[in-house]
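Notes for the one structure printed next.
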Amino acid sequence: MKFNFQILPKSPKWRKTAGFFIAVIIGMGLFIAQEAKITSYLSDDPQACVNCHVMTPVYNSWMHSSHREWANCNDCHLPQDNFVKKYYFKAKDGLYHASVFTARAEPDVIQTKEASKEVVQQNCIRCHVQQVTQVKYDGWLEGHQESRTGRECWSCHTSVPHGTVRGLTTVKYNVAPLPTDKEEAVIPEWLAEEVKN
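In this text, residue positions in the sequence shown follow the working numbering: the first is 40, and each later residue adds one.
Here you go:
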C-alpha cells in the first residue's frame with residue numbers, strides 16, 4: 040500500500056494580514072456600536088433620542104409637558120400606519136441625524152423637514168381626531184372648521200409639546216448630555232468648580 044502525501048502550499052502572508060485587519064475592523068465596529076448605544080434606537084424609549092446631546096433641550100421640554108403622560112417621541116415623529124414604514128422612516132431619519140451630529144454640523148435651532156412635518160401632522164390628527172373633526176359647535180371661532188385639518192396644527196399650537204424651546208441655549212441647566220428629568224440642576228462637578236472660579 041502506497042500513501043501519497045502532498046504538502047499543502049503555505050498560505051500567502053496577505054491572508055494573515057487581511058484576517059488581522061478584518062478582525063480589527065469588526066472589533067472597532069462592535070466597540071463603536073456599543074458606545075453609541077445603537078440597539079437603543081430600535082426601542083420606543085425617549086432616552087434613546089438624547090444619546091445626541093443636541094436633543095437634550097427637546098427631551099427636557101417634552102419631559103415637563105402633558106404629552107409625556109400619553110406619547111413618546113416615536114408616537115409623534117414616526118409614521119404609525121404600518122411597521123415597515125415606521126422603521127424605514129426611523130432608519131432614514133436616524134442616519135441623517137447621526138451623520139449631521141458626527142460631522143458636528145447640527146444647527147442651534149432644530150427645524151423639522153417636510154417629510155417629518157407631514158408625519159407629525161398626521162399623528163396630531165390621529166391622536167386628537169375627536170377635537171379636530173367631531174366638534175359639535177363651531178361658532179366660537181369663525182372659519183375654524185376648515186382650519187382644523189387644512190393647516191399645520193403647530194401654526195396655532197406653537198408651544199405643544201416642546202414649550203418655548205427654540206434652540207440649545209433656551210433651556211435652563213442644559214449642560215448635561217443626559218436627560219434632566221429632575222427640577223434641580225444637573226451640573227458636572229468640573230463645571231461647577233469652573234463656575235466658582
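Glycine is no exception: its CB is placed at the ideal position from the N, C-alpha and C atoms. This structure is a prediction, so every number in the text was calculated from the model and none was measured.
Limits of the unbroken alpha helix (DSSP H) element including residue i
i      : result
LYS52  : 52–74
CYS88  : No alpha helix (DSSP H) holds CYS88; DSSP gives it neither H nor E.
GLN150 : No alpha helix (DSSP H) contains GLN150, which DSSP labels as neither H nor E.
SER96  : Before going further, note that residue 96 is Pro rather than Ser in the sequence given. Counting along the chain, the alpha helix (DSSP H) containing PRO96 begins and ends at 95–102.
ASP132 : 122–141
ASN113 : 112–116
GLN119 : Where GLN119 is concerned, there is no enclosing alpha helix (DSSP H), given that its DSSP letter is neither H nor E.
THR172 : 168–172
Residue i and residue j closer than 8 Å at C-beta
i      : j      : result
CYS88  : TYR98  : yes
TYR192 : CYS163 : A small correction: the amino acid at residue 192 is Cys; Tyr does not occupy that position in the sequence shown. Contact flag set, yes.
ASN113 : ASP147 : no
VAL93  : PHE140 : yes
ARG165 : GLN119 : yes
Buried or exposed (CB count within 10 angstroms, at least 16 for buried), residue i
i      : result
PRO51  : exposed
LEU117 : buried
PRO227 : exposed
TRP229 : exposed
SER100 : buried
C-alpha distance - residue i paired with residue j, whole-angstrom precision
i      : j      : result
PRO216 : THR95  : Confidence at PRO216 is low in this model, with a pLDDT of 49, below 50, so its placement is unreliable and the value that follows should be read with caution. Cα to Cα, the separation comes out at about 7 Å.
PRO160 : HIS201 : Sequence check: residue 160 is Gln here, not Pro. Each residue's alpha carbon lies about 15 Å from the other.
LYS152 : ASP132 : 10 Å
VAL158 : CYS115 : 8 Å
TRP109 : ARG54  : 56 Å
VAL171 : SER155 : 20 Å
MET67  : HIS136 : 21 Å
Test: residue i CB closer than 8 Å to a CB of chain B
i     : result
ALA75 : Included in the structure is just one protein chain, with no chain B present.
Residue i Cβ short of 7 Å to the ligand PLP heavy atom set
i      : result
THR151 : Among the components modelled here there is no ligand, and therefore nothing to report on the ligand PLP.
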